[in-house]
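Residue numbers (my numbering): 514 to 629.
Each remark here refers to the structure printed beneath this line.
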Amino acid sequence: MNQILIAGNIGAVEVKDGKDGKKYARFSIAHHYRTKDGKYANGYMNLVAFGKTAENLAKFTKGSPMEFVAHFQFGKYTNKEGKEVPTIDYIVDTFAPAGNGAYMDRKGGDAKKTEE
């Protein structure tokens with residue numbers, strides 16, 4: 514199994530019922546990164562959670578710092594023009610609130626508090 518560790522601040526999590534009756538939530542996570550010119554910028558990733566994991570995530574407020582262990586899954590869909598579009602879904606396996614909302618500098622520097 515492939516696994517990745519993702520950390521950042523969650524967007525709004527809305528739990529929905531799938532066609533098969535299983536609950537799921539699609540949401541984004543904001544993260545900070547350093548650009549080539551040395552400045553910091555925000556980036557976003559989209560994640561998917563299912564079942565109790567989705568329901569438990571919905572208890573947290575937008576902007577909460579979180580850490581996720583997830584795996585990715587390749588898929589595809591057909592757009593309105595009839596063309597197949599490849600996708601990558603990041604599926605949450607486990608999660609936990611992040612300790613203090615800190616992130617690590619890309620070059621391994623000290624943790625810096627995110628207060629933007």
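Built from N, CA and C at the ideal position, the CB exists for glycine as well.
message = Rounded to the nearest angstrom, what separates I519 and T574 at their Cα positions?
response = 18 Å
inquiry  = Taking only three categories from DSSP, how would you classify E580?
reply    = strand
task = Thinking A583 and Y603 are a contact (beta carbons under 8 Å), I'd like their distance in whole angstroms, please.
result = 5 Å
message = Please report the straight-line C-alpha distance between V528 and S541, rounded to a whole angstrom.
response = 13 Å
message = Quick check: what's the CA-CA separation for E580 versus P610?
response = 6 Å
6 Å Cβ shell around G531 - same chain, five flanking residues per side excluded = These residues qualify, in order along the chain: Y537.
query = Counting along the chain, where does the beta strand (DSSP E) carrying A562 start and finish?
reply = 553-563
query = According to DSSP, what are the bridge partners of K536?
reply = D530
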